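Enquirer:
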Amino acid sequence: MAGLQKILIILLVLVLVLLALVFSLNNQMAVPLNFLVFETRPHGVAMWIILAFVIGAVVGVLMATLATVKAKVSRRSLQKKLERTEQTLEKERAQNDRTV
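In our numbering, each residue's number is its place in the sequence shown (first place is 1) plus 300.
1) If Val331 and Val354 are in contact, beta carbons under 8 Å, what's the gap, nearest whole angstrom?
2) Is DSSP giving Val313 helix, strand or coil here?
3) Roughly how many whole angstroms lie between the Cα atoms of Met347 and Leu304?
4) When DSSP labels each residue in this structure, what does Asn327 get in the three-state scheme?
5) List the DSSP bridge partners of Gly344.
6) Throw me the rounded Cβ distance for the Ile350 and Ser324 pair, which I believe falls under 8 Å.
7) Leu382 to Thr365, Cα distance in whole Å?
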C-alpha cells in the first residue's frame, strides 16, 4: 500500500510540474512588479505567479509547523499538570483512608 501511495504522489508531482511548464510557456510576457519604493526587473507573468504560489506554500507550511509545535508544547505542559494533580489526589486519598 505504501508503494502505491508513493507512486501516486510521484505522478501528482509530475502532473503539477507539467502543468506549471505549460502555464509558463503560455504566459511569457515580461512584466515588472511596481512596489511603493522600487520596481523589479521584468520577468514573465508565469514566473511571478509560480513564485507567489511557492512563497505561499512555504509560508503555509511554516505556519502549520509553528501551530503544531505550539500545540505539542501546550499538550506536554497540560500532561505534566495532570500528572501532578493525579499524584496530589492520590496523596489526599491515602490521607483520607488513614483518618477514616
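Ideal Cβ positions, reconstructed from N, Cα and C, are used throughout, including at glycine. Only a predicted model underlies this, so the values are computations on that prediction, with no experimental measurement involved.
Expert: Let's see:
1) Rounded, the Cβ-Cβ distance is 18 Å, inconsistent with contact.
2) helix
3) 32 Å
4) coil
5) Ala330
6) 7 Å
7) 25 Å
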